[in-house]
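Inspection log for the structure reproduced underneath, given as structure tokens.
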Amino acid sequence: MAAAAAVLRAPSSKTESYVDTKRRDDVRQANIIAASAIADAVRTSLGPKGMDKMISSANGEVIITNDGATILNKMEVIQPAAKMLVDLSRSQDAAAGDGTTTVVVLAGSLLKRSLSLLSAGVHPTAVSDALHRLSIRAVEVLHSMAIPLDLSNRDALVKSAATSLNSKVVSQYSSLLAPLAVDAVLSVVDPAQPDIVDLRDVKIVKKLGGTVDDTELVKGLVFDKKVSHSAGGPTRVENAKIAVVQFQISPPKTDIEQSIVVSDYTQMDRILREERNYILGMVKKIKATGCNVLLIQKSILRDAVTDLSLHYLAKAKILVVKDVERDEIEFITKTLNCLPIANIEHFREDKLGFANCVEEVSVGDGKIVKITGIKDMGRTTTVLVRGSNQLVLDEAERSLHDALCVVRCLVNKKFLIAGGGAPEIEMSRQLGAWAKELKGMESYSIKEFAEALEVIPYTLAENAGLNSIAIVTELRNRHAQGEINSGINVRKGQITNILEENVVQPLLVSTSAITLAAECVRMILKIDDVVIVR
Amino acid sequence: MGRNNDRDGARRWRLAADVETRRSDKDDLVAVAETIKNTRLLKDEATEEKGDRARMASFVGAMAIADLVKTTLGPKGMDKILQSTGRGHNVTVTNDGATILKSLHIDNPAAKVLVDISKVQDDEVGDGTTSVVVLAGELLREAEKLVNLKIHPMTIIAGYRMAAECARNALLQKAKDNKQDPDRFRSDLMKIAMTTLSSKILYQDKEHFAKLAVDAVLRLKGSTNLESIQIIKKAGGSLKDSFLDEGFILDKKIGIGQPKRIENAKILVANTAMDTDKVKIYGARVRVDSMAKVAEIEGAEKEKMREKVQKIINHGINCFVNRQLIYNFPEELFADAGVLAIEHADFDGIERLALVTGGDIASTFDNPESVKLGHCKLIEEIMIGEDKLIHFSGVEMGQACTIVLRGSSSHVLDEAERSLHDALCVLSQTVNDSRVLLGGGWPEMVMSKEVDELARKTPGKKSHAIEAFSHALQAIPTIIAENAGLDSAELISQLRAEHHKDTTNAGIDVISGGVGDMENLGISEAFKVKQAVLLSATEATEMILRVDQIITCAPRRREDRM
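Residue numbers (the numbering used here), protein chains in the order written: chain B, 8 to 541; chain S, 576 to 1137.
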């Protein structure tokens, strides 16, 4: 199709006098408009008074969320440039975990300004270069505003986690969830490598019932599973010796296809007896090591446990948790400080883990298994999230994830920055002043982009129902007078020193938002054609 | 009855034929001509085009392709979105000519020739994939004008050949070789890398990436085997966070309960089933008469696996990398023996690992002495972004290294990889053929000047073609200037005047928007790339010019299976 279009154009280019760039401009304009539309869609969810979106997916599932990355992920976007914006929010999610809405709104605003620059006749590459210089400079401005942070300063960490939670559905619980997130992350930091946090070491278990208030941090392990009850085994074990097994306690099954030929009645009896003996033998071996809690990996090849084996295990007073996923095994063994056992022959006492208490607890209408007081526990933590309905529960989990990411960012890069639109206004002010020192297209473009950054305070004020123009101009005024930490106090509806209001966020979130948004916008600007390919 | 019917039908047919003959009696000549024309040589649906029409079709097709990629040329060239019509509607954003052309639907045979030369250029030298297509397109555009002036295509071809030869000699004379001086050679390489990267997405960080690429290529010590440079893409961070790592990185996890760090590792790379040793005979089954026997068989199976693991461990290894899955049972056995086992390494991964650690890929383990083990100084787990990867450092093959690319999205990363690959290709070629030219349209102007002089000296119609060749060469700087939004006519005339002096380094400086000294600006290109562009573009043009008939074969019919 593209070739056909080019054929049509061929005669006009033969004259060599005039280069027709209409198509290229059209493509660029279409891309920018599509991408800005995406940005507008999530714009209203920015900030503490931002609104939520209800997404109903094709299979009838309903999600209510305030998280930019989640909203965009669920939108089925097909326009290529719009798709790039969706990817942008995903990258922000990966890099910082928070600010996924901010980054998209920022990119949208930058794109709108670029459109006006392009129509003023600035060459796209000049715009793109200016944007690159701007992003480098903006990061410098942010660094100069940053406040160094000590990890022992738990208060500051809690504040920044609370800032992230304030814009979510669960904001009224931020006093509970924020310290929880901080404790969870700090407990998995390895003193040998103080800069690295692996969030996979924090496991979030969701359980319907109760309210978000009941969410708790468990020093130990939680399984969203029942203890197997069928044969009346124990549901609470103290001084537990725990084994994580990857084999099956069921009648033998070979990998090669097999069939047992039964030729008469007496043989049937014998086979049943043999089966019983086989299982009994296994259970005895397990019991011999003193093990009294078994965590059994799910198996697809054959039953992990049978009624018969459960019966014997119950008789031996062994608590059984079955259907543990293979992916979880690593986390479990790390937490329990034990080794997985893949064969009954290798069942030795040195592979067991120890805990003070393993018990089944009823929560709401379901039951969970808790393992607490683990001896030599690995650096992992479990958070048990509760909520009154599935929607709240899911949103609470997403919000908690964001809060955890915020704390992780602070561990990676130990700097804080004021929130409430303060950094954006300050960037805009300083970059605007810098633009005046430059010359030519660059100066012109940077001036435009510096203004584009004001979209964040504007949106914050708008979403909070304030008079955005009055607020932002006052904010600009305050910053010009040197109060670089003034920001929009959404609760009071006025400009205050935002640090006193404890609205702080990690530096990494802001820097990554501006660099990622700039990178994405530059990429969109450089595109001049959409080619359909196989 | 049937026979009667037949006869009736035959008679009717003859009557019709009679009417036909009588009618054609009137104008006999026309009919004869028509019959010849309508004689079917070809199958149904096959078409042919001849003479001018055929030539026109191929000119138009080839020029359309050249116009399509034209805008990506030069440091201010634009990118294209490639939107796939396949499943998922994947989106690729690229500036790489070869990538764009490779993925197009093309029906025009001449256009296909251009796509092919771009592909060959990509394989041979890695860069200049857009230039070669644009040059060929321009040569054809000039040829079309000449054909319209009734100059025979063969004359044009002869002229083009002479011109190409002359242009090549001009380049040969001007090329510089700094191989003897390692410092200057390195700075040449840096310049070439930066020039290549300047038209790509890596433009802003080109110094960083040029350094990465030069370091990586110099490690190869003259080999052009880019296999040992591994590129790993990890989303997150920005392009500047990309780095060069000595050694090898595998994007996999270490088994549970196994050592996470091994010094002086002896590595066995294998491709073997570590799930179950199945008897691969269809319908094989065992018949037993008791449960105990089933248990025995199961025990025997376990024992077999244990033996296999033992055999593997007997190689005296402390690291085992398998292409296939390793099940829990053997994993535990390895953990007990203190061997680090990595499962499910992809095919690329193990081949490269075997290459860089100097080992073989084994699939039987009966003769430990005949299997070559891989070695490396240290294996450890590292963290890049959010992911844990396994890092092999101090590997046998010292040349090996890994470039870890970071970037905001998968589009950025893919494009960065393509750009870096181009740079690596060009550099590795330059290490072997160290002749260097200036960039920024300088070589084209040098060639064009020489070719112009040749045209003046040459008598006959050929001189028109030679002159046209020189015009086509000038189109490249013209397009570079146009893409940057500059006044191309003005710039080219300035450039031509500048080149009329004896020695000049003048080229187009797109940054300041004028004519600049390429030597001072540090814009260089590899001689090999330019030569390949010139020669293959000329050859392709020649091939297309020779065409005077296009026969399109009938498409093969698909059986309707519904």
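Glycine included, C-beta positions come from ideal geometry on N, C-alpha and C.
When beta bridges are read from the DSSP output, S/Ala-840 appears opposite S/Cys-951. Beta-bridge annotation (DSSP): B/Ser-369 is paired with B/Lys-374. Per the DSSP secondary-structure output, S/Lys-963 pairs in a beta bridge with S/Met-958. For B/Ile-70, the CB contacts under 6 Å within the same chain, skipping 5 residues up- and downstream, are Ile-62 in chain order. Using a Cβ-Cβ distance cut-off of 8 Å, the segment 107-114 of chain B and the segment 72-82 of chain B are in contact, since at least three pairs of beta carbons, one from each stretch, lie closer than that value. In this structure B/Leu-193 is not in contact with B/Thr-222, their Cβ atoms being roughly 17 Å apart against a cut-off of 8 Å. Counting only Cβ-Cβ distances below 7 Å, S/Arg-862 has contacts in chain B at Ser-266, Val-268, in chain order.
Spanning the alpha carbons of S/Leu-1029 and S/Gln-748 requires a straight line of approximately 16 Å.
Here B/Glu-431 has Leu-460, Glu-461, Ile-463, Pro-464 as same chain residues with Cβ atoms under 7 Å from its own Cβ, once five neighbours each way along the sequence are excluded.
Its chain contains Ser-493, Ile-502 as the residues whose beta carbon lies nearer than 8 Å to that of B/Arg-485, once the 5 sequence neighbours on both sides are disregarded; these appear in chain order. Under the three-state reduction of DSSP, S/Cys-976 is assigned to strand. Judged by their CB atoms, S/Ile-824 and S/Ile-807 are nearer to each other than the 8 Å cut-off.
Of all residues in the segment 647-662 of chain S, only Lys-651, Met-653, Asp-654, Lys-655, Ile-656, Leu-657, Gln-658, Ser-659, Thr-660, Gly-661 come within less than 7 Å of chain B when Cβ atoms are compared, listed by chain position. When the beta-carbon positions are compared, B/Pro-347 and S/Glu-918 stay at least 8 Å from each other. In this structure the segment 127-140 of chain B does not touch the segment 37-56 of chain B; the number of beta carbon pairs closer than 8 Å is below three. Check the Cα spacing between B/Asp-157 and each of B/Leu-423, B/Gln-512, B/Glu-469, B/Glu-449: the tightest is with B/Leu-423. If you check each beta-carbon in the segment 900-927 of chain S against every beta-carbon of chain B, the ones closer than 9 Å belong to Tyr-902, Asn-903, Phe-904, Pro-905, Glu-906, Glu-907, Leu-908, Ala-910, Asp-911. By the Cβ-count criterion, S/Asn-897 is buried, with 16 or more other Cβ atoms from all chains shown falling within 10 Å of its own Cβ. Counting only unbroken stretches of 4 or more residues, the alpha helix (DSSP H) elements lying wholly within the segment 107-163 of chain B are 107-126, 131-152, in sequence order. According to the DSSP assignment, S/Leu-1120 belongs to the alpha helix (DSSP H) that extends over 1102-1121.
Going by C-alpha positions, B/Leu-467 is about 8 Å away from B/Lys-56. DSSP places B/Thr-388 inside the beta strand (DSSP E), whose first and last residues are 388-394.
Boundaries of the beta strand (DSSP E) around S/Phe-818: 818-821. In this chain, the alpha helix (DSSP H) harbouring B/Asn-470 covers 462-470. Under the three-state reduction of DSSP, S/Thr-1079 is assigned to coil, being neither helix nor strand. Assigned with DSSP and collapsed to three states, S/Ile-806 falls in strand.
Between the alpha carbons of S/Ile-767 and S/Lys-751 lies a distance of about 13 Å. Interface criterion met: the Cβ of B/Thr-132 is under 8 Å from a Cβ in chain S. The beta-carbon separation of S/Leu-988 and S/Ala-810, rounded to 6 Å, stays under the 8 Å limit for a contact. Chain-order list of chain S residues neighbouring B/Val-331: empty, with the shortest C-beta distance near 12 Å, by a criterion of under 8 Å. S/Gly-832 belongs to the set of residues whose beta carbon lies under 8 Å from a beta carbon in chain B.
For S/Val-987, the C-beta contacts it makes with chain B under 7 Å involve Glu-526, Met-530, in order along the chain. The beta carbons of S/Met-1093 and S/Gly-1015 sit about 5 Å from each other, so the pair counts as a contact at 8 Å. In summary, the residues of the segment 674-706 of chain S whose CB is separated from some CB of chain B by less than 9 Å are Ile-675, Lys-677, Ser-678, Leu-679, His-680, Ile-681, Asp-682, Asn-683, Ala-686, in the order they occur in the chain. Around B/Thr-261, the beta-carbon contacts reaching into chain S at under 8 Å are Val-861, Val-869, Ile-872, Glu-873, Glu-876. S/Glu-624 has S/Ile-1125 as its beta-bridge partners, per DSSP.
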